[in-house]
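Notes for the one structure printed next.
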Amino acid sequence: MTTNDSMVTSTDGNAPPLFLRVQYEVPDLAGCGNSAEEDEQTQTQATITTQSFDTSNCPAATIGLPPSVEPVKPDPGDYSYSGMHDHGPLPPPKEGGQFAQIIGFVNAAKKASDKYLTEVIEKEKKHAPPGGTSEANQQHKRKRK
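Its first residue numbered 0, the sequence shown is counted upward by one per residue in numbering that gives the first Met the number 0.
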């Protein structure tokens with residue numbers, strides 16, 4: 000389970016600063032019982048991890064193209080900013096400000112999330128019993144039918 004709290008306010012000193020907080024609740028590894036039934040009956044513990052992103056640890060994102068990159072028409076299906084529209088170049092977007100800071104927070108949160116969840120998956124793989132995963136998959140498939 001992942002929850003996000005975000006506060007979007009002005010940075011003019013009259014309101015609290017911008018930040019993004021992400022909280023992960025990851026169930027601890029199951030499989031300590033003698034059977035799947037015992038595992039289901041065992042109360043699951045969870046590890047809660049919170050990450051915070053603000054101006055002290057995240058730079059504002061660059062919205063437009065870097066100065067050395069020329070605008071080009073994007074490939075079909077590419078929705079990233081390219082600086083070019085069907086009928087010619089787009090005006091450069093406004094850099095900086097609240098939206099650039101929020102985009103910077105989201106980019107940093109995505110990278111941190113990918114790293115954290117990859118570590119969780121690797122830990123689960125490391126502690127999985129040999130051959131136990133296929134049995135668990137078979138039980139899961141039977142329950143779904």
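Heads up, the beta-carbon is just placed ideally off N, CA and C, and yes, glycines get one too.
Would you grab the beta carbon distance between residue i and residue j for me? Rounded to a whole angstrom, and I think it's under 8 Å.
i    : j   : result
S81  : P73 : 4 Å
A111 : Q50 : 5 Å
Measuring alpha carbon to alpha carbon, tell me which residue in the options is nearest residue i.
i    : options               : result
E94  : P58, T46, Q44, V25    : P58
H84  : G96, Q97, E69         : E69
T54  : P128, D27, A45, A108  : A108
V119 : V21, P128, V25, L17   : V25
P92  : I62, E121, V105, N106 : I62
Q97  : A60, H126, P65, G76   : A60
S79  : L64, G87, Q22         : L64
L28  : K110, Q22, A111, Q44  : Q44
N106 : N56, T48, E123        : N56
Q22  : P15, P88, Y115        : Y115
On the criterion of 16 or more Cβ atoms from any shown chain inside 10 Å, does residue i qualify as buried, or is it exposed?
i    : result
V71  : exposed
G103 : buried
L17  : buried
I101 : buried
L19  : buried
T46  : exposed
G32  : Bear in mind that a pLDDT of 48 at G32, under 50, signals an unreliable position, so the model cannot answer this.
- Task: Report the residue ranges of all beta strand (DSSP E) runs contained in full by the stretch 104-133; include only those spanning at least 3 residues, in chain order.
- Result: none
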